[in-house]
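Have a look at the structure below before the remarks.
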Amino acid sequence: MIGKGLLIILSGPSGVGKGTVCRVLCQENRRLVRTTSLTTRSPRKGERDGVDYHFVDEKKFHELKEQGAFLEWAKVHGNFYATLAQEVEELRQKDYDVLLEIDVQGAAQIRNSSVEGVYIFLLPPSMEELWRRIMGRGSDTPEAMKERFNNAYHELSEVWKYDYVVINDDISRAARTIEGIIMAEKCRVEKNKQFLTDFIEKGDKY
Ligand code: 5GP
271 MIGKGLLIIL SGPSGVGKGT VCRVLCQENR RLVRTTSLTT RSPRKGERDG VDYHFVDEKK
331 FHELKEQGAF LEWAKVHGNF YATLAQEVEE LRQKDYDVLL EIDVQGAAQI RNSSVEGVYI
391 FLLPPSMEEL WRRIMGRGSD TPEAMKERFN NAYHELSEVW KYDYVVINDD ISRAARTIEG
451 IIMAEKCRVE KNKQFLTDFI EKGDKY
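In my numbering, the protein residues as written are 271 to 476.
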């Protein structure tokens, strides 16, 4: 059964600032939560297991995949990533809106499934700025950073499949824009059919 909370899928090229925007959004909106993905990549400096990711080896990842534990999964920059279906399901049942920060392959899997979602693509202010951000990160080798930029460039061609596009030229402005999208989605007539039916029926009494 699909829960009541919204499922919001946020994608965008590596280096665009998805993580920061998601953090700000969840800090400011108590009913909006992020899930903790699984990954086979090694933790970066400062990352904590069970907080930033569940860090697992490939054997464990494939076992869980075979068991059907994933809502979606993808191989990104040579590492595997996945979202646990049960975690999303439980949060939505509790009426939380769930924010998934996932790549375009994972987003495509959910779009092709029966699960409804709101798809938002985060863009950098410009390609030059994206190049600068990826190169300036310094947490990977130059080859890995170049590969990240090339992947980022190719990911942009997926933007047409998303419902909304938001430019991350300023973190709090991008977060406010996404809040606006979430609010608008909650006001959709088709998402409020039961409420509207009950509301109108009460007019019979008068
Ligand atoms: P990073 O290794 O830099 O944390 O993430 C690399 C990429 O993997 C980012 O584009 C991020 O959005 C994506 N990613 C993180 N978690 C997931 C996930 O659970 N599923 C998918 N499909 N992509 C993910």
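No residue lacks a Cβ here, since even glycine has one placed at the ideal position from N, Cα and C.
Relative to the C-alpha of residue i, which residue among the options is closest?
i      : options                        : result
Lys431 : Glu399, Leu341, Gln375         : Gln375
Gly348 : Arg443, Ala414, Phe419         : Ala414
His332 : Val321, Tyr323, Gly320, Lys345 : Lys345
Thr353 : Ile452, Gly316, Leu334, Ala445 : Leu334
Asp327 : Gly338, Arg314, Leu308         : Leu308
Glu371 : Glu460, Tyr323, Thr467         : Tyr323
Met397 : His424, Thr411, Pro412, Asp373 : His424
Met405 : Leu392, Phe391, Ala422, Leu393 : Ala422
Trp401 : Ile452, Arg418, Asn382         : Arg418
Tell me which residue opens and which closes the alpha helix (DSSP H) that residue i is part of.
i      : result
Val374 : 374-381
Lys431 : First-last for Lys431: undefined, no H or E at that position.
Glu357 : 355-363
Val368 : Looking at the DSSP string, Val368 is not in any alpha helix (DSSP H); the run it does join, the beta strand (DSSP E), is 367-371.
Ser442 : 441-456
Val294 : 288-298
So the beta strand (DSSP E) residue i belongs to, where does it begin and stop?
i      : result
Asn421 : No beta strand (DSSP E) holds Asn421; the alpha helix (DSSP H) holding it covers 412-425.
Asp246 : This structure leaves residue 246 out entirely; the chain is present only between 271 and 476.
Leu302 : 302-304
Leu400 : Taken as a continuous stretch (DSSP letters only), Leu400 belongs to no beta strand (DSSP E), being part of the alpha helix (DSSP H) at 397-407.
Val388 : 388-393
Leu277 : 277-281
How would you call residue i, buried or exposed, if buried means at least 16 neighbouring beta carbons within 10 angstroms?
i      : result
Asn438 : buried
Cys457 : exposed
Lys288 : buried
Ala377 : buried
Tyr476 : exposed
Gly282 : buried
Tyr389 : buried
Lys278 : With the sequence shown as reference, residue 278 is identified as Ile, and Lys is not the correct amino acid for it. Under this definition Ile278 is a buried residue.
Gly275 : buried
Leu466 : exposed
Val459 : exposed
Gly316 : exposed
Met271 : In this prediction, Met271 scores a pLDDT of 37, lower than 50, which makes its location untrustworthy; the coordinate-derived value is nonetheless stated afterwards. So Met271 counts as exposed.
Val368 : buried
Phe350 : buried
Glu342 : buried
Pro395 : exposed
Rounded to the nearest angstrom, how far is the Cβ of residue i from that of residue j, given a contact under 8 Å?
i      : j      : result
Glu449 : Asn299 : 7 Å
Val286 : Thr306 : About 20 Å; that fails the 8 Å criterion.
| said: As an exercise, report each continuous beta strand (DSSP E) stretch of at least 3 residues that is fully enclosed by the region 320-353, in chain order. | reply: DSSP runs (the beta strand (DSSP E)) wholly in the region 320-353: 340-346.
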